[in-house]
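Each residue of the sequence shown is one higher than the one before, counting from 1 in UniProt numbering. The beta-carbon is built from N, C-alpha and C at its ideal position, and this holds for glycine as well. These notes are about the structure you will find just below.
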Amino acid sequence: MLLLQVPAVDTTAASLSATTAAQPQSLQLFDLVAKGGWVMVPIAFLFFASLYLIFERYFVIRSQTKSDSNFIDNIRDMVAQGNIKSAESFAKNQRTAMGRVFEKAIGRIGSPIKDIESTIESVGQIELSRLERNMGYLGIIAGIAPMLGFIGTISGIIRIFYDISLSDNISVGIIAGGLYEKMITSGAGLIVGILAYTGYHLLNMMVERFTLALEINAFEFIEVLQKPTSEPARMR
Numbered sequence: 001m002l003l004l005q006v007p008a009v010d011t012t013a014a015s016l017s018a019t020t021a022a023q024p025q026s027l028q029l030f031d032l033v034a035k036g037g038w039v040m041v042p043i044a045f046l047f048f049a050s051l052y053l054i055f056e057r058y059f060v061i062r063s064q065t066k067s068d069s070n071f072i073d074n075i076r077d078m079v080a081q082g083n084i085k086s087a088e089s090f091a092k093n094q095r096t097a098m099g100r101v102f103e104k105a106i107g108r109i110g111s112p113i114k115d116i117e118s119t120i121e122s123v124g125q126i127e128l129s130r131l132e133r134n135m136g137y138l139g140i141i142a143g144i145a146p147m148l149g150f151i152g153t154i155s156g157i158i159r160i161f162y163d164i165s166l167s168d169n170i171s172v173g174i175i176a177g178g179l180y181e182k183m184i185t186s187g188a189g190l191i192v193g194i195l196a197y198t199g200y201h202l203l204n205m206m207v208e209r210f211t212l213a214l215e216i217n218a219f220e221f222i223e224v225l226q227k228p229t230s231e232p233a234r235m236r
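Listed below in C-alpha cells is the structure:
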C-alpha cells in the first residue's frame with residue numbers, strides 16, 4: 001500500500017508545481033511606469049500639467065460664467081425705467097464676465113447704438129480671452145504626448161534589434177519582453193493625449209455656451225435701447 005501511495009504523492013506535487021508555474025505574474029502600475037524608460041518623465045510631467053490646467057480653467061470658467069437667470073431682465077427693466085446708475089451698479093456687483101461686459105455697455109448709454117454694440121463686442125472679446133487663457137496648452141499637450149510615447153517605443157525597438165544583431169542567442173521571450181516594455185510609453189502618451197484633448201473640448205464647450213448667452217443678452221439689451229418709448233439714452 002505504501003508503494004502505491006508514493007507515486008500519487010509525487011503526481012500531486014508535480015501537478016501543484018505545474019499549476020504554480022502556469023500562473024502569470026501580476027503587473028504593478030509602478031513597475032510598468034518604471035520600465036517605460038526616460039520618456040515616461042516628460043509624459044508624467046504633461047499628465048500632471050494637463051490635470052492642473054483642466055481643473056484650474058474649469059473652476060475659473062464656472063465662476064466667471066455663472067449668472068442670475070433674471071440678470072438681463074433686471075438690466076432691461078432698470079434701463080427701460082431710466083435707472084441707468086442702478087443698472088450699472090447691478091452689473092458691476094455680479095463680479096462675472098457677463099456683468100463686466102454689460103457694466104461697460106450701460107456706461108456707454110447716450111452714445112450711438114453702433115458704439116454701444118462695438119463696446120459689447122470689444123469687452124466680450126477681452127472676457128473670452130481671459131476665459132480661454134492657457135487652454136491652448138492643452139491642445140499642445142494633446143498633440144505632443146502621443147508623439148513622445150511613439151518616440152519612446154521606436155527608440156526601444158531600435159535598441160532591441162540592435163542587441164539582437166550583436167547576440168547569437170535569440171528567443172521569442174526576450175523580444176516580446178522588450179517590446180511590451182517599450183510599448184508602455186505609447187500607451188501612456190495616448191492616455192495623456194486623450195485626457196488633454198477631452199479636457200480642452202469640454203472647457204471649450206463651456207466657453208461657447210457663455211458666448212451664446214452673451215449674444216442673446218446683448219441682442220435683448222440693444223432691443224431695449226432701440227425702443228422709442230423707453231428713451232433710455234437721454235436718462236441719467
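Shown here, Ser67 sits in coil according to DSSP, grouped into three states, outside any helix or strand.
By the Cβ criterion, the stretch 216 to 225 is in contact with the stretch 98 to 117, since at least three pairs of Cβ atoms, one from each stretch, lie closer than 8 Å. Taking a contact as a CB-CB distance under 8 Å, the pair Val39 and Gly187 does not count as one, their CB atoms being some 12 Å apart. Membership of Arg100 in the alpha helix (DSSP H) is indicated by the continuous run Ala97 to Gly107. Residue environment analysis places Ile140 among the exposed positions, since fewer than 16 neighbouring C-beta atoms fall within 10 angstroms of its C-beta. No residue range can be given for Gly82, since it is assigned to no alpha helix (DSSP H) and is classified by DSSP as neither H nor E. Leaving aside the five residues that flank Gly189 on each side, the residues in its chain whose CB is nearer than 6 Å to its CB run, in chain order, Ile43, Ala145, Pro146, Leu148 and Gly149. Between the alpha carbons of Ala105 and Phe55 lies a gap of roughly 31 Å. Here the alpha carbon of Glu121 sits roughly 48 Å from the alpha carbon of Ile184.
As the crow flies, the alpha-carbon of Glu132 is around 8 Å from that of Asn204. If you draw a straight line from the Cα of Ala142 to the Cα of Arg159, it comes to about 27 Å. Only residues of its own chain outside the window of five on either side were considered, and among them Thr65 have a CB closer than 6 Å to the CB of Phe210, listed in chain order.
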